[in-house]
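> Under this note's numbering, the sequence shown has 212 at position 211, and the numbering climbs by one with no breaks.
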Amino acid sequence: MTGNQARDGWKQFIQFAKDRCSAAAFGNWLAPIHLLDATEEEVSIEVPNVFVKEYLIANYQKDLLAFLPLKENGEPAIHFVVRPPKRVEVAKEAVSPSVVTLDEEIADGPDLRLNRHYHFKNFIEGPSNQFVKSAAMGVANSPGKSYNPLIIHGGVGLGKTHILHSIGHYVLKHHKKLRVQCITTEQFINDLVDSLRNKSVDKLKKFYRHDVDVLLIDDIQFLQNRQNFEEEFCNMFEALINQNKQIVVTSDKPPTQLKLSERMTARMEWGLVAHVGLPELETRVAIVQSKAEQRGLKITNNVAFMIAENMCSNIRQLEGAVNRLCAQARLMNQDVSEQMVLEMMRQMMTVAPKETLSVDQILKGVSTVFQVKVSDIKGGSRTKDIAIARQVAMFLARQMVSSESLSNLSAWFDKTHSTILHACKTIEKKLTADDLLKRQVEMVRRNLELT
Ligand code: ADP
Ligand code: MG
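(1) Could you name the residues of the same chain whose beta carbon sits closer than 6 Å to that of serine 147, not counting the 5 residues immediately before and after it, in chain order?
(2) Buried or exposed: where does alanine 398 fall if 16 or more other Cβ atoms within 10 Å of its Cβ makes it buried?
(3) Give a yes or no on whether the C-beta atoms belonging to isoleucine 316 and valine 249 are separated by under 9 Å.
(4) Which residue comes first and which comes last in the alpha helix (DSSP H) that contains isoleucine 389?
(5) Which residues neighbour the ligand MG when neighbourhood means a C-beta less than 7 Å away from any of its non-hydrogen atoms? List them by chain order.
(6) Can you tell me which of Val51, Ile387 and Glu43 puts its alpha carbon nearest to the alpha carbon of alanine 79?
(7) Could you name the residues that DSSP lists as bridge partners for serine 252?
(8) Within 8 Å, do at least three Cβ pairs link the region 281-294 to the region 240-258?
(9) For proline 49, does the count of other Cβ atoms within 10 angstroms reach 16, so buried, or fall short, so exposed?
(10) To the nearest angstrom, how far is it from the Cα of valine 352 to the Cα of lysine 416?
(11) Using a Cβ cut-off of 9 Å (strictly closer), state whether asparagine 60 contacts chain D.
(12) Identify every residue that forms a DSSP beta bridge with alanine 275.
(13) Going by beta carbon distance, what residues of the same chain come within less than 8 Å of lysine 19, once the five residues before and after it are set aside?
(14) Between Val133, Ala240 and Arg84, which lies nearest to proline 33 when the distance is taken from Cα to Cα?
(15) Taking 8 Å as the cut-off, is the CB of lysine 292 close to at least one heavy atom of the ligand ADP?
(16) Just to confirm the assignment, what range does the alpha helix (DSSP H) spanning aspartate 219 have?
(17) Measure the Cβ-Cβ separation of proline 144 and lysine 246 and say whether it is below 9 Å.
(18) Which term fits proline 111, buried or exposed, when burial requires 16 or more other beta carbons within 10 angstroms of its beta carbon?
(19) Look at the alpha carbon of alanine 39 and the alpha carbon of alanine 59, and state the distance between them as a whole number of angstroms.
(20) Note the first and the last residue of the continuous alpha helix (DSSP H) segment covering glutamine 295.
(21) Evaluate alanine 434 with the Cβ neighbour count: other Cβ atoms within 10 Å of its Cβ, from every protein chain shown; 16 or more gives buried, anything less gives exposed.
Below, the structure is given as structure tokens:
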């Protein structure tokens, strides 16, 4: 292969990858790469940070073989140059207080209670939430005609309320005749209590049965252990469904895991149950960029990566980080530097030191970062990825869960004392030489400290 062929090979690879990944992925990961040089032996490329290099290798190693010169060991011959970090300007004119404070502002009058910032267009999609977003858009396009009810469940801060309110806004805009009611379960219960006190229950019942076409209910888990209200809620639910009125419900657990009556659980399972999961790194980077842009804050890809990589347990954390950066950049009248991000993350971590961690939390944290199921970590598989994740879990449990003795830990993991001690020593040793592992372990630790 000549130098020119290698150069063309790189360009063809970029086109090849562009055709296969989302526009967001391309913009975040591939577009920032610059070809520096191409010889018959190797191509030199400049990447904005080490994550892009890892992304390229993890996702395209095999494809690259077809386009580039090869090393003797059969790997693609790429010389990576990591671009030195640059300081960036905050878009000062755009950062006015009104832009910076994107709090839970409620629009559309007190009764409807839709957050005016929650729209489909600023809900960033990735593999973890694509299904929910499509289902929600389907419902918003033809309320009562596609999936009914639609149940959206998932952990805290993963965008359930955002999606719910997006449906509300969309229906209001595109189906002007339909009457939308968006309410949290707690508000529903409070309204019911008030109406009982005011002797206006019939009016309230009539409203929900006859004056609502699309009912959006947030956080149904608050109906648990409220038997008196559950029955009334269930009656309303059935009455609406029977009239083909659309219902969308969010919950922190799947319906079968909620402590609700069988009748209520069965009603919820009539329709479509969709799960919103933890977004992976690529989506988190896109979310950080989008939130920064909404606030008129310019940040480099590197800064977005730093935030997204270190905060992976919920989106609210990511937003909190962007908000802090924005406030600091404005108050200090400074550019956003990587140093500022590091300092901010350090502060966020010291504000909430974690004193009562459980082994379960450690397992979940390791599972998220190492992309291995909790059941596999606890199981007996010796596959390399699982074995490392298991050793890391043991190492962190021993370090971070002060309340558990070694005996308790060995019961938790169903392993002997010496296996646990051996795992801790192995990880300690590896951490001195393996940078990737070190970053992953730090990431789990930081996320545990932040949750
Ligand atoms: P939940 O109701 O699941 O606890 P929220 O809907 O309140 O979570 O989301 C928390 C914050 O994260 C909100 O400000 C929301 O805008 C933001 N958020 C969550 N997921 C996304 C996403 N995919 N794209 C953009 N913002 C998101
Ligand atoms: Mg919510």
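All C-beta atoms in this analysis are idealised placements derived from N, C-alpha and C, irrespective of residue type, glycine included.
Well, looking at it:
(1) Gly139 and Val140
(2) Answer is buried; the Cβ neighbour count reaches 16.
(3) no
(4) 385-401 is the span of the alpha helix (DSSP H), which, as asked, contains isoleucine 389.
(5) Lys161, Thr162, Asp219, Asp220 and Thr251
(6) The sequence shown places isoleucine at residue 79, rather than the alanine named in the question. Here the closest residue by C-alpha is Glu43.
(7) Among the bridge pairs identified by DSSP, serine 252 is matched with His154.
(8) no
(9) buried
(10) Note that valine 352 scores a pLDDT of 46, beneath 50, so its modelled location is shaky; the value from the coordinates is reported in the next line. Their backbone Cα atoms lie some 35 Å apart in a straight line.
(11) No chain D is part of this structure, which consists of one protein chain only.
(12) Ile153
(13) Hits under 8 Å: Phe27 and Leu31.
(14) Arg84
(15) yes
(16) Per DSSP, aspartate 219 lies in no alpha helix (DSSP H); the unbroken beta strand (DSSP E) holding it starts and ends at 215-219.
(17) Against a cut-off of 9 Å, the Cβ pair of lysine 246 and proline 144 comes out as a contact.
(18) Any reading at proline 111 is ruled out, since the residue's pLDDT is 39, under 50, leaving its predicted position unreliable.
(19) 22 Å
(20) 282-295
(21) exposed
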